[in-house]
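Down below is the structure, laid out as structure tokens.
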Amino acid sequence: MSQGLRVLLRATDPVRRHGLVAMLEAAGHRLVTETPDVVLCDLPQHDAPPAEADAPVAVLADQALRGEHPAGVLPRVVSAGQLDAALRAVAAGLLVRAPGLLPADGFRAANDDAPLLTPREAEILTRVGQGMSNKAVARALGISVHTVKFHLEALFAKLDATSRAEAVAKGLRGGVIEL
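Quick note on our numbering: the sequence shown kicks off at 7 and runs consecutively.
Structure (structure tokens):
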């Protein structure tokens, strides 16, 4: 079994907190109050995730979050295996989104006219915006150059762009990516 994470747990309901502590400890994670690998927030209805944290934030919520975009968003009814996998992914720098808890049904910007991009397309567009070549993007993501080109073609079509620069500009203007 892999090494456990240091988890800062924010849960106000004592019963929920007890259950989450049991799940975390069963997965080999340690609860900490300082220098966590990941922050886990159990959000009752209408609460908001922390604005800033010292580590990536994973949120357990009943409804889609508005405004805030933590690294992980899961339903409050989550299995121990799902929670463990999500925390490890978030700690590794990945985004975790449960169906139904995505803002605007996906990686769509606040602007409703912005296109819906897959997580991989948004990741590739961001790296292109950082000035990376197709080969560098492929190497960084562990995929082939052909796959990068395939995603770029899909991006060009979705964004109605004819060049990398135009795709990045439209992605930034639409709020689909941030650099």
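Think of the CB as a built atom: it goes at the ideal place given N, C-alpha and C, for glycine as much as any other residue.
Consult DSSP for residue i and reduce its assignment to one of helix, strand or coil.
i, result
"P81", "strand"
"D90", "helix"
"L131", "helix"
"L123", "strand"
"V38", "coil"
"V182", "coil"
"Q9", "coil"
"F113", "Any answer about F113 is weak, because its pLDDT of 45 lies below 50 and its placement is not dependable; what the coordinates show is given next. F113: strand per DSSP, three-state reduction."
By the DSSP assignment, the beta strand (DSSP E) with residue i in it spans what residues?
i, result
"V65", "63–67"
"R44", "Before going on, a small fix: residue 44 reads as Val here, not Arg. Unbroken beta strand (DSSP E) run through V44: 44–48."
"L15", "12–16"
Run the CB neighbour count on residue i, radius 10 Å, all protein chains shown included, and call it buried at 16 or more, exposed below.
i, result
"A128", "buried"
"K155", "exposed"
"D90", "buried"
"H35", "buried"
"K141", "exposed"
"R179", "exposed"
Just curious, the alpha helix (DSSP H) that residue i is in, first and last residue?
i, result
"V143", "140–147"
"V21", "20–32"
"A160", "151–165"
Give me the residue from the options with the minimum Cα distance to residue i.
i, options, result
"T18", "T168, A167, L46, K141", "L46"
"M29", "T41, K141, G10", "G10"
"L122", "V44, V27, H24, I183", "I183"
"P50", "P20, R103, A61, A144", "P20"
"A12", "L93, R126, A173, H157", "It is Arg, not Ala, that sits at residue 12 in the sequence shown. Taking only the C-alpha atoms, the option nearest R12 is L93."
"E40", "R16, G25, L26", "R16"
Task: Validate contact between the stretch 140–151 and the stretch 77–90 using beta carbons, cut 8 Å, 3 pairs - done: no
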